[in-house]
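Here's the structure we're looking at; comments come further down.
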Amino acid sequence: MVEQSARLSPVLKQATPVLAARGEGVHIYDEDGRRYLDFTAGIGVTSTGHCHPKVVEAAQKQVGTLIHGQYTTVMHRPLLRLTEELGSVLPEGLDRLFYVNSGSEAVEAALRLARQATGRQNAVVFEGSFHGRTMAAASLTTSGTKIRAGIGPLMPGVAVAPFPYAYRLGMNEEQAVEYALAELDYMFATVTSPKDTAAFFIEPVLGEGGYVPVPPAFLEGLRRRADEHGILLVADEVQTGFGRTGRFWGHEHAAVRPDVVITAKGLASGFPLSAIAAPESIMERAWPGSQGGTYGGNAVACAAALATLEVIREEGLVENAARNGERLLTGLRKAAEGHARVGDVRGLGLMAASEFTTPDGSPDTETATKAHKAATERGLLLLTCGPHGNVVRMIPPLVVDADQIDEALALWSEALADASA
Ligand code: PMP
Numbered sequence: 313m314v315e316q317s318a319r320l321s322p323v324l325k326q327a328t329p330v331l332a333a334r335g336e337g338v339h340i341y342d343e344d345g346r347r348y349l350d351f352t353a354g355i356g357v358t359s360t361g362h363c364h365p366k367v368v369e370a371a372q373k374q375v376g377t378l379i380h381g382q383y384t385t386v387m388h389r390p391l392l393r394l395t396e397e398l399g400s401v402l403p404e405g406l407d408r409l410f411y412v413n414s415g416s417e418a419v420e421a422a423l424r425l426a427r428q429a430t431g432r433q434n435a436v437v438f439e440g441s442f443h444g445r446t447m448a449a450a451s452l453t454t455s456g457t458k459i460r461a462g463i464g465p466l467m468p469g470v471a472v473a474p475f476p477y478a479y480r481l482g483m484n485e486e487q488a489v490e491y492a493l494a495e496l497d498y499m500f501a502t503v504t505s506p507k508d509t510a511a512f513f514i515e516p517v518l519g520e521g522g523y524v525p526v527p528p529a530f531l532e533g534l535r536r537r538a539d540e541h542g543i544l545l546v547a548d549e550v551q552t553g554f555g556r557t558g559r560f561w562g563h564e565h566a567a568v569r570p571d572v573v574i575t576a577k578g579l580a581s582g583f584p585l586s587a588i589a590a591p592e593s594i595m596e597r598a599w600p601g602s603q604g605g606t607y608g609g610n611a612v613a614c615a616a617a618l619a620t621l622e623v624i625r626e627e628g629l630v631e632n633a634a635r636n637g638e639r640l641l642t643g644l645r646k647a648a649e650g651h652a653r654v655g656d657v658r659g660l661g662l663m664a665a666s667e668f669t670t671p672d673g674s675p676d677t678e679t680a681t682k683a684h685k686a687a688t689e690r691g692l693l694l695l696t697c698g699p700h701g702n703v704v705r706m707i708p709p710l711v712v713d714a715d716q717i718d719e720a721l722a723l724w725s726e727a728l729a730d731a732s733a
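Per our numbering, the sequence shown starts with residue 313, numbered consecutively.
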């Protein structure tokens with residue numbers, strides 16, 4: 313259990329009372345040696361599991377060689393090697409990239425890039441999306457008003473279009489896509505002219521907003537509009553990238569190639585690193601010197617990212633995410649049978665969620681909170697999401713095996729029973 317330092321600001325909200333002493337694979341151990349099955353992965357970060365030996369070795373070696381080179385002062389080998397390696401996993405044509413430290417910074421960087429490359433001001437985002445907490449990223453974020461409350465005025469030039477969230481809209485997927493695209497077109501006629509629109513920002517799976525996979529037809533609809541009007545399609549793959557969804561990139565579930573890809577979280581297995589990739593035709597329009605930062609492309613983080621890529625390849629983690637993601641989703645559906653408060657179970661790869669609703673269809677935050685707490689007490693670490701906190705999500709490390717999925721599902725069934733007792 314956590315002893316809270318009185319000096320720690322209450323602005324940080326703690327999801328669980330666990331004091332982590334060490335991590336290994338899919339497990340976290342507290343100071344009393346209690347073992348937790350970690351289905352949060354540090355919010356989708358520890359892709360190769362906690363302290364994967366190869367990542368540890370690479371980082372340790374780099375720490376004793378060069379910790380910080382500062383990439384706009386001196387170049388270093390880990391960054392050069394990583395840039396070449398990322399070239400082989402990024403969508404074809406997105407062959408220019410640069411680095412910053414976090415998802416939010418990368419989103420800000422992509423927004424600056426989109427504005428410079430198009431000479432246009434506005435960005436279109438989708439209801440419920442999360443793009444970060446820094447000021448511009450928060451202005452693009454509508455996953456919950458807690459991110460925006462009390463900090464305004466936010467950045468102008470952001471238009472929020474409906475997201476095809478079929479369950480919430482009470483529609484099937486096809487209807488939801490049709491509705492959301494029609495609303496987007498209406499928005500182009502009423503709010504932001506396509507001529508003023510620099511970019512669409514979209515997460516291939518709505519993350520913090522409730523774990524809702526984007527229907528492929530919607531992404532394809534965005535691609536068509538982007539092509540027609542010269543708008544950039546920016547895929548925020550901060551949470552969905554690096555194998556998380558059972559493909560290397562989340563957008564690969566649709567027949568689209570984005571213009572810009574943002575990656576962070578799983579990229580370096582826990583070290584702060586993010587990257588922005590785009591074709592040369594876009595990057596060459598950025599003003600030299602307008603991007604960068606002191607810590608971007610840190611040498612230890614780059615070495616960890618190189619090891620992460622190697623582990624993903626060697627251990628077939630993308631395929632594992634697809635296979636065990638399917639097992640997880642099937643198990644969650646089964647666990648929800650007979651639990652009237654679980655209104656929807658959905659996911660893609662190793663991003664899976666159960667949405668709690670009351671009998672009249674309203675968000676049931678209370679039962680979700682109880683189930684989340686019961687799971688923690690039983691040794692299964694989970695996170696909630698969604699604007700109302702009524703969605704419980706599972707996002708285990710990509711190294712999770714079938715037995716660990718089954719163990720988590722058994723604990724989840726017990727937690728569901730506890731929550732409805
Ligand atoms: N974009 C997405 C899709 C995210 O999930 C997150 C983090 N949850 C961010 C951006 C922001 O990343 P960071 O917290 O590293 O700034």
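Even glycine gets a Cβ: it sits at the ideal position worked out from N, Cα and C.
A quick note: this is a predicted structure, and the numbers were derived from the prediction, not measured.
Around P584, the same chain offers N413, S414, Y607, N610, A613 as residues with beta carbons nearer than 8 Å, after the five sequence neighbours per side are excluded. Around the ligand PMP, the residues whose beta-carbon falls short of 6 Å from at least one of its heavy atoms are I355, S414, G415, S416, V419, F442, H443, G444, E515, G519, E520, D548, V550, Q551, A576, given in chain order. Distance from the Cα of L710 is smallest, within the candidate group P474, G522, P468, L579, for L579. Boundaries of the alpha helix (DSSP H) around C614: 611 to 626.
Rounded to the nearest angstrom, the Cβ distance from I514 to D548 is 7 Å, consistent with a contact under 8 Å. In chain order, V367, A370, A371, A580, S581, F583 place their CB closer than 7 Å to the CB of A616, counting only its own chain and leaving out the 5 sequence neighbours on each side. G337 has H362 as its beta-bridge partners, per DSSP. DSSP places N434 in the uninterrupted beta strand (DSSP E) bounded by 434 to 438. The continuous alpha helix (DSSP H) containing T502 extends over residues 485 to 502. Shown here, R445 sits in coil according to DSSP, grouped into three states, outside any helix or strand.
Between the stretch 344 to 353 and the stretch 690 to 697, the count of C-beta pairs closer than 8 Å reaches three or more; the two stretches touch.
The count of Cβ pairs closer than 8 Å, one atom from the stretch 398 to 408 and one from the stretch 423 to 435, stays below three, leaving the stretches out of contact.
The C-beta distance from Q551 to G356 rounds to 5 Å, short enough to meet the 8 Å contact threshold. By the neighbour-count criterion, in which a residue is buried when 16 or more other Cβ atoms sit within 10 angstroms of its Cβ, P527 is buried. Taking the Cα of A686 as reference, the smallest distance to any Cα among A731, E420, A664, S674 is reached at A731.
DSSP, read as helix, strand or coil, puts P403 in coil. In this structure, the alpha-carbon of E343 lies about 5 Å from that of A333. Rounded to the nearest angstrom, the Cβ distance from V703 to E667 is 5 Å, consistent with a contact under 8 Å. The straight-line gap separating the alpha-carbon atoms of E520 and S441 is approximately 7 Å. The C-alpha of E397 lies about 43 Å from the C-alpha of T677. When secondary structure is reduced to three states using DSSP, E689 falls in the helix class.
Secondary-structure assignment with DSSP links M706 through a beta bridge to A664. Rounded to the nearest whole angstrom, the CA to CA distance from G604 to V419 is 13 Å. According to DSSP, residue pairing for V657 in a beta bridge involves S666. With a beta-carbon spacing of about 6 Å, F475 and L518 fall inside the 8 Å limit used to define contacts.
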